[in-house]
Amino acid sequence: MKGPEEVCLIEAINQQHLFKRTMIVVLLSQLFGGAGLAAGVTVGALLAEEMLGTASYAGLPTALLTLGSALTAFLIGRFTQRLGRRPGLVIGFGAGGLGAIGVIIAAVYGNIVLLFVSLFVYGAGTATNLLARYAGTDLAKPNQRATAVSMALVSTTFGAVAGPNLIEVMGNVARSWGIPPLAGPFILGAAAFLLAGLIVFILLRPDPFFAARTLAEQEQLKSGGKGPELLNVINKRGLAAGATVMLLTQMVMVAIMTMTPVHMKHHGHGLSQVGIVIGIHVGAMFLPSLFTGLLIDKIGRMRMASAAGIVLLAAGLLSAYGSGDSMPILITALALLGLGWNLGLISGTTLIVDATPLSVRAKTQGNIDVLVALAGASGGALSGVIVDYSSYATLSLAGGLLSLLLIPVLLWSNAKRREQAT
Numbered sequence: 482m483k484g485p486e487e488v489c490l491i492e493a494i495n496q497q498h499l500f501k502r503t504m505i506v507v508l509l510s511q512l513f514g515g516a517g518l519a520a521g522v523t524v525g526a527l528l529a530e531e532m533l534g535t536a537s538y539a540g541l542p543t544a545l546l547t548l549g550s551a552l553t554a555f556l557i558g559r560f561t562q563r564l565g566r567r568p569g570l571v572i573g574f575g576a577g578g579l580g581a582i583g584v585i586i587a588a589v590y591g592n593i594v595l596l597f598v599s600l601f602v603y604g605a606g607t608a609t610n611l612l613a614r615y616a617g618t619d620l621a622k623p624n625q626r627a628t629a630v631s632m633a634l635v636s637t638t639f640g641a642v643a644g645p646n647l648i649e650v651m652g653n654v655a656r657s658w659g660i661p662p663l664a665g666p667f668i669l670g671a672a673a674f675l676l677a678g679l680i681v682f683i684l685l686r687p688d689p690f691f692a693a694r695t696l697a698e699q700e701q702l703k704s705g706g707k708g709p710e711l712l713n714v715i716n717k718r719g720l721a722a723g724a725t726v727m728l729l730t731q732m733v734m735v736a737i738m739t740m741t742p743v744h745m746k747h748h749g750h751g752l753s754q755v756g757i758v759i760g761i762h763v764g765a766m767f768l769p770s771l772f773t774g775l776l777i778d779k780i781g782r783m784r785m786a787s788a789a790g791i792v793l794l795a796a797g798l799l800s801a802y803g804s805g806d807s808m809p810i811l812i813t814a815l816a817l818l819g820l821g822w823n824l825g826l827i828s829g830t831t832l833i834v835d836a837t838p839l840s841v842r843a844k845t846q847g848n849i850d851v852l853v854a855l856a857g858a859s860g861g862a863l864s865g866v867i868v869d870y871s872s873y874a875t876l877s878l879a880g881g882l883l884s885l886l887l888i889p890v891l892l893w894s895n896a897k898r899r900e901q902a903t
């Protein structure tokens with residue numbers, strides 16, 4: 482519940498000033514959260530392959546990580562609805578840091594069970610890093626929502642790009658400490674997630690979710706109880722469209738990205754080259770947010786979501802038919818994969834915020850991110866099996882074609898909206 486001091490602060494500071502203050506804290510936390518996010522996805526599959534001695538289950542770490550993300554998203558959504566953004570984000574980042582420490586211990590002692598359990602817990606940090614984007618939308622006006630999401634993702638870029646490119650550095654640090662080199666990036670991940678949680682704990686005051694509710698309540702009183710923000714009305718078609726965009730883009734991106742390091746290793750590429758490709762991919766996931774948020778707010782959610790499907794198709798085709806020996810082809814394909822995910826995540830997130838009132842918004846956001854995490858888990862789990870029994874080209878082609886399902890869903894949603902308008 483809100484204390485008197487917090488209510489006074491909310492009343493004393495206008496919405497835009499509080500929005501900017503919240504965004505600064507979100508951006509700071511995302512700087513570190515991005516580094517933690519990138520560490521696991523870069524070497525998780527390689528660490529599992531090394532410890533298991535086979536590539537058949539190389540997609541399992543990503544699956545476990547995303548399953549952990551699913552549970553975290555579910556819990557944080559409910560914590561936020563009742564307790565606000567701050568407690569959920571602090572707990573999630575803290576759990577992610579502890580999971581990274583567990584991965585390091587598992588690698589040292591060669592304990593596969595501990596590795597898998599720790600990767601599951603590590604997923605909490607990954608989910609929290611993505612859920613933090615919603616904190617920026619709490620106090621944003623409708624025409625600022627996509628921009629607010631994109632600002633958070635831009636901040637994530639710096640840590641997310643630096644993380645993969647520090648693989649060899651952190652590997653050397655790990656080796657000097659008697660830790661297997663592939664566990665090195667998780668040292669960075671542990672520190673990054675714990676620092677992100679500390680920033681949120683200290684600086685995210687007043688809580689943006691409670692602030693938004695208080696401001697909406699005041700607006701309702703001024704309008705005679707007719708304000709729309711607290712009405713328990715969900716735009717189900719908009720919610721379905723946003724969820725579908727996020728689910729499909731996550732599944733396609735995770736599946737192809739997970740097996741790319743293994744695919745590159747089989748073509749003779751070293752860890753430094755893997756770091757370059759994944760670093761550019763992660764940069765393409767976040768850096769275009771400098772422009773995509775503004776474009777989504779100005780051009781429209783549906784059009785940019787359709788563009789996500791087309792870009793992902795191009796990424797899948799290039800990955801499928803391009804040479805695995807060619808660094809330029811690998812870089813281009815993974816950059817397109819990241820860009821398609823970026824377009825899908827921001828447009829889908831904005832559609833979900835638009836479709837939900839504050840009375841159920843945080844819980845709904847958590848539920849949707851559970852499904853997104855499960856979609857990523859499915860993509861990660863199936864990716865290794867598909868590559869093992871068929872090929873990386875088959876996986877990439879299937880992912881590209883799957884992304885095209887976005888377009889008929891968006892056309893259906895848009896047609897229903899026009900019918901209601903007429």
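So the sequence shown is numbered by the working numbering: it starts at 482 and just counts up by one.
Note that beta-carbon positions come from the ideal geometry of N, C-alpha and C, so glycine has one too.
Exercise for review: Counting only runs of 4+ residues fully inside the stretch 649 to 683, write out the alpha helix (DSSP H) ranges in chain order.
Suggested key: none
Review point. When DSSP labels each residue in this structure, what does Val630 get in the three-state scheme?
Key: helix
Exercise for review: Run the CB neighbour count on Phe772, radius 10 Å, all protein chains shown included, and call it buried at 16 or more, exposed below.
Suggested key: exposed
Review point. Is it buried or exposed for Thr875, if we count other Cβ within 10 angstroms and need 16 for buried?
Key: Classification for Thr875: exposed.
Practice item. Going by CA-CA distance only, name the one from Ile791, Arg842, Arg502 that's closest to Val726. Key: Ile791
Point to revise | Residue closest to Tyr590, alpha-carbon to alpha-carbon, out of Leu612, Thr638, Leu546, Met532 | key: Comparing Cα positions, the closest option is Met532.
Check your understanding: What do you reckon, are the CB atoms on Pro568 and Phe560 nearer than 9 Å?
Key -> yes
Review point. What's the gap between the Cα of Leu702 and the Cα of Leu839?
Key: Their backbone Cα atoms lie some 16 Å apart in a straight line.
Review point. Using the C-alpha atoms, what's the distance from Leu729 back to Ser871?
Key: Between Ser871 and Leu729, the C-alpha separation is close to 22 Å.
Check your understanding: Cα separation between Gly885 and Ala843?
Key -> A small fix is needed here, since residue 885 is Leu in this sequence, not Gly. Straight-line Cα distance between these residues: approximately 29 Å.
**Study point:** Closest Cα partner of Lys717 within the set Asp688, Thr845, Pro889, Leu527
**Key:** Thr845
**Study point:** Cβ neighbour criterion (16 or more within 10 Å) applied to Asn823
**Key:** buried
Practice item. Consult DSSP for Asn495 and reduce its assignment to one of helix, strand or coil. Key: coil
Review point. Where Val763 and Val654 are concerned, what is the direct C-alpha to C-alpha distance, given to the nearest angstrom?
Key: 23 Å
**Study point:** Same chain, Cβ closer than 6 Å to Phe767, five either side skipped, listed in chain order
**Key:** Leu634, Thr637, Thr638, Ala641
Review point. With burial defined as no fewer than 16 other Cβ atoms inside 10 Å of the residue's Cβ, what is the status of Leu892: buried or exposed?
Key: exposed
Check your understanding: Is Ile850 helix, strand or coil when you go by DSSP?
Key -> Sequence check: residue 850 is Asp here, not Ile. Here Asp850 sits in helix by DSSP.
Check your understanding: Is Val594 buried or exposed, if buried means 16 or more other CB atoms sit within 10 Å of its CB?
Key -> Flag for Val594 reads exposed.
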